[in-house]
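In terms of the numbering used here, the sequence shown opens at residue 22 and continues consecutively. What follows is a set of notes on a single structure, which appears directly below.
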Amino acid sequence: MQMITNGNYKSVMHKANVTCDKERLSVAYFFTPKPDVEFGPSPSLVTRETPARFRKTTSAEYRKLIFSRELRGKSNLDTMRI
22 MQMITNGNYK
32 SVMHKANVTC
42 DKERLSVAYF
52 FTPKPDVEFG
62 PSPSLVTRET
72 PARFRKTTSA
82 EYRKLIFSRE
92 LRGKSNLDTM
102 RI
């Protein structure tokens, strides 16, 4: 979401506080576009005043990046920054 919104919406680290006093519900949402689908900052959010902050990539390239790295914070997002 942060890439597509050109940084207008920030990605947050997933964190869960577990308590026995209150029931908790989590909903996960996943989507997998076709490998050749290109994504990056939305063209409507890239202007002279607000240039692209992230490079474009394909779904296949991004998945390859994700699965080739260890989980280290936002490192995948950081590698997409311009």
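Yeah, the Cβ is synthetic: ideal placement off N, Cα and C, and Gly gets one too.
query: Supposed close pair residue 101, residue 60 - CB separation, criterion 8 Å; result: Going by Cβ atoms, the distance from residue 101 to residue 60 rounds to 10 Å, so no, they are not a contact pair.
query: Residue 54 beta carbon less than 8 Å from that of residue 80; result: yes
query: According to DSSP, residues forming a beta bridge with residue 75; result: 102
query: C-alpha distance - residue 27 paired with residue 78, whole-angstrom precision; result: 14 Å
query: Endpoints, the alpha helix (DSSP H) within which residue 86 is located; result: 80–89
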